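A.B. asks: Residue numbers (the working numbering), protein chains in the order written: chain U, 168 to 368; chain L, 168 to 368. All C-beta atoms in this analysis are idealised placements derived from N, C-alpha and C, irrespective of residue type, glycine included. Model, not experiment: these values are computed from the prediction.
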DNA sequence: AATGAAAGCGGACCGCGGTCCGTTTGACCC
DNA sequence: GGGTCAAACGGACCGCGGTCCGCTTTCATT
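Below you can see the structure in the form of structure tokens.
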């Protein structure tokens with residue numbers, strides 16, 4: 168559908184326009200990856216299998232997405248959109264309308280659940296910098312915003328990161344493996360969040 | 168030197184005694200790995216190069232250490248011994264003798280420095296479970312202990328993990344990459360630690 | 001329609017982590 | 001010493017991530 172506008176606004180999209188086959192292939196690869204990950208789980212999906220399912224060569228997959236992490240990051244991004252929408256505009260207490268602290272606590276529980284649900288994908292998408300992923304940036308920004316609304320004084324971006332850190336998949340998984348029940352992990356995180364948010368107001 | 172005692176105390180070490188060549192090879196591999204990592208950095212060290220340097224076959228390296236992470240974990244362990252000693256018995260404020268809160272703050276700064284210094288090695292040793300490594304377990308236990316001495320009430324083991332989490336290599340590296348200076352990261356962590364420790368007493 | 005150039009393509013190729021299995025070595029007993 | 005057996009060895013082998021380069025497709029221009 169954007170094609171229909173092209174002739175009418177030829178000035179806006181010209182600089183780096185990409186060839187049509189490139190766009191088509193990129194889309195095919197992403198769809199194939201999405202499908203394969205859903206069906207077989209991220210760890211079982213190889214770059215070659217994605218290429219084959221998309222009907223392209225292996226080189227094409229790497230050209231479009233850089234490496235395995237890049238591809239998985241894109242898949243993860245698709246899977247996170249719905250959740251992000253419900254944080255921004257969904258029901259309270261996760262969405263807007265509740266007290267900031269209540270939203271923060273709901274956020275923690277919800278994010279922890281999601282981290283576990285997408286665990287394999289997150290780990291597959293995680294390079295040395297799991298935190299440069301859009302999903303992480305979104306979460307960090309949101310926590311920072313809520314802390315601000317709670318009236319917390321201090322280094323908000325770094326405090327936000329510090330609050331997010333213990334929710335990380337690898338940490339939570341390890342805690343579960345050590346026998347801590349999920350409820351207790353959530354409770355401990357809530358405790359932490361309250362301590363951080365308590366300093367002000 | 169333990170050899171000298173063997174004949175005198177034949178009862179203590181018999182159950183799973185390992186063959187002499189096995190022990191010798193394990194040692195040679197570890198030495199070679201230590202040396203190579205120091206000289207070329209962890210990322211550049213391949214399992215095959217370690218095997219060759221140790222004068223053994225590749226299979227032997229894998230048999231002794233399981234996989235690359237296992238080997239790197241062992242190398243890391245060696246590198247952390249000195250620091251652990253200085254935490255347990257070194258000078259205050261890191262070592263014993265200072266106030267618990269002061270020790271905690273000193274611990275954070277010191278651990279952060281060490282994480283950066285050993286960054287490559289830590290990442291190489293990190294499997295899905297970076298936190299099952301002895302070095303991590305040691306740190307967690309120590310923080311838990313200090314929190315207890317601070318009079319903190321709550322879920323100490325999980326709070327300790329939560330405090331440790333933001334010191335993780337990948338997080339700190341990302342923050343540096345985003346332009347936050349190291350001092351500020353340390354300050355933010357100290358702030359966090361104080362908020363956690365402030366609830367009691 | 002013809003043409004030139006560059007963006008894109010794909011599969012042969014490489015290196016490394018990890019496995020497998022036939023062979024060797026060391027420990028223990030006679 | 002000789003015999004036996006399990007533990008250990010080592011290198012050929014495999015699969016996957018990632019690169020490279022000669023060939024093809026697209027698109028702007030005329």
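If residue 300(L) sits next to residue 240(L), beta carbons under 8 Å apart, how far is it from one beta carbon to the other, in whole angstroms?
C.D. replies: Indeed they touch by this definition, with Cβ atoms about 6 Å apart.
A.B. asks: What do you reckon, are the CB atoms on residue 363(U) and residue 352(U) nearer than 8 Å?
C.D. replies: No, Cβ-Cβ distance for residue 363(U) and residue 352(U) is not below 8 Å.
A.B. asks: Strictly below 7 Å CB to CB, what residues from chain U border residue 353(L)?
C.D. replies: Within 7 Å Cβ-Cβ: nothing; residue 353(L) doesn't reach chain U, min ~10 Å.
A.B. asks: Give the straight-line distance between the Cα atoms of residue 201(L) and residue 233(L), rounded to the nearest whole angstrom.
C.D. replies: If I take the Cα positions, the gap works out to 17 Å.
A.B. asks: When the Cα atoms are used, what is the spatial distance from residue 276(U) to residue 336(U)?
C.D. replies: When rounded, the distance between both Cα atoms is 13 Å.
A.B. asks: What are the start and end residues of the alpha helix (DSSP H) that includes residue 194(U)?
C.D. replies: 187-207 is the extent of the alpha helix (DSSP H) around residue 194(U).
A.B. asks: At a Cβ threshold of 8 Å, is residue 227(L) touching chain U?
C.D. replies: No, residue 227(L) does not count as interfacial toward chain U.
A.B. asks: Can a CB atom of chain L be found closer than 8 Å to the CB of residue 276(U)?
C.D. replies: No, residue 276(U) lies away from the interface with chain L (no Cβ there is under 8 Å from its Cβ).
A.B. asks: Ignore the nearest five residues each way along the sequence and tell me which others in residue 270(L)'s own chain have a CB closer than 6 Å to its CB.
C.D. replies: If we look at residue 270(L) and ignore the five residues flanking it on each side, its Cβ neighbours are 260 and 313.
A.B. asks: By a C-beta neighbour count over all protein chains shown, 10 Å radius and 16 as the cutoff for buried, is residue 247(U) buried or exposed?
C.D. replies: Classification of residue 247(U): buried, given that the 10 Å Cβ count is 16 or more.
A.B. asks: For the alpha helix (DSSP H) that contains residue 271(U), what are its first and last residues?
C.D. replies: Per DSSP, residue 271(U) belongs to the alpha helix (DSSP H) from 267-284.
A.B. asks: Would residue 255(L) be called buried (16 or more neighbouring beta carbons within 10 Å of its own) or exposed?
C.D. replies: The residue in question, residue 255(L), is exposed, as its Cβ has fewer than 16 Cβ neighbours within 10 Å.
A.B. asks: Anyone know if the C-beta pair for residue 322(U) and residue 350(L) falls short of 8 Å?
C.D. replies: Not closer than 8 Å, so no.
A.B. asks: Please state whether DSSP places residue 210(U) in a helix, a strand or coil.
C.D. replies: Helix, per DSSP.
A.B. asks: Unbroken alpha helix (DSSP H) runs of length 4 or more, entirely within the region 289-354 of chain U: which are they?
C.D. replies: Correct list: 301-316, 323-331 and 336-344.
A.B. asks: At a Cβ threshold of 8 Å, is residue 328(U) touching chain L?
C.D. replies: Chain L, which has a Cβ nearer than 8 Å to the Cβ of residue 328(U), makes this yes.
A.B. asks: Quick check: residue 303(U) and residue 281(U), are their CB atoms within less than 8 Å of each other?
C.D. replies: Cβ atoms of residue 303(U) and residue 281(U): not closer than 8 Å.
A.B. asks: According to DSSP, residue 263(L) sits in a beta bridge with which residue or residues?
C.D. replies: For residue 263(L), which the question treats as bridged, DSSP gives the partners 265(L).
A.B. asks: Should the region 213-233 of chain L be regarded as contacting the region 192-201 of chain L, the criterion being three or more beta carbon pairs within less than 8 Å?
C.D. replies: Counting Cβ pairs under 8 Å, three or more are found: they touch.
A.B. asks: If you draw a straight line from the alpha carbon of residue 308(U) to that of residue 268(L), how long is it in whole angstroms?
C.D. replies: Near 30 Å, if we compare the C-alpha coordinates of residue 268(L) and residue 308(U).
A.B. asks: Identify the contact partners of residue 332(L) in chain U, using a Cβ-Cβ distance below 7 Å as the criterion.
C.D. replies: Residues of chain U passing the Cβ test: 332, 333, 335 and 338.
A.B. asks: Just to confirm, are residue 332(L) and residue 286(U) a CB contact at a threshold of 8 Å?
C.D. replies: Result no, Cβ atoms of residue 332(L) and residue 286(U) do not sit closer than 8 Å.
A.B. asks: Taking C-alpha atoms, which residue in 318(U), 341(U), 356(U) and 191(U) lies nearest to residue 294(L)?
C.D. replies: It is 341(U) whose Cα lies nearest to the Cα of residue 294(L).
A.B. asks: To the nearest angstrom, report how far apart residue 284(U) and residue 327(U) are at their CA atoms.
C.D. replies: So the alpha carbons of these two residues sit roughly 22 Å apart.
A.B. asks: Are the CB atoms of residue 274(L) and residue 310(L) within a distance shorter than 8 Å?
C.D. replies: Contact: yes.
A.B. asks: Using a Cβ-Cβ cut-off of 6 Å (strictly less than) and excluding sequence neighbours within five positions of residue 215(U), which residues of its own chain qualify?
C.D. replies: Contacts found: 225.
A.B. asks: From residue 238(U) to residue 211(U), what does the alpha carbon distance come to, in whole angstroms?
C.D. replies: Using only the alpha carbons, I get a separation of about 14 Å.
A.B. asks: Looking at the C-beta of residue 356(U), does it have a partner C-beta in chain L at a distance below 8 Å?
C.D. replies: Yes, residue 356(U) lies at the interface with chain L (some Cβ there is under 8 Å from its Cβ).
A.B. asks: What's the gap between the Cα of residue 348(U) and the Cα of residue 324(U)?
C.D. replies: Whole-angstrom Cα-Cα distance: 29 Å.
A.B. asks: Does the beta-carbon of residue 236(U) have 16 or more other beta-carbons within 10 angstroms, so that it is buried, or is it exposed?
C.D. replies: So residue 236(U) ends up on the buried side.
A.B. asks: So, are the CB atoms of residue 253(U) and residue 262(U) less than 8 Å apart?
C.D. replies: A contact, by the Cβ cut-off of 8 Å.
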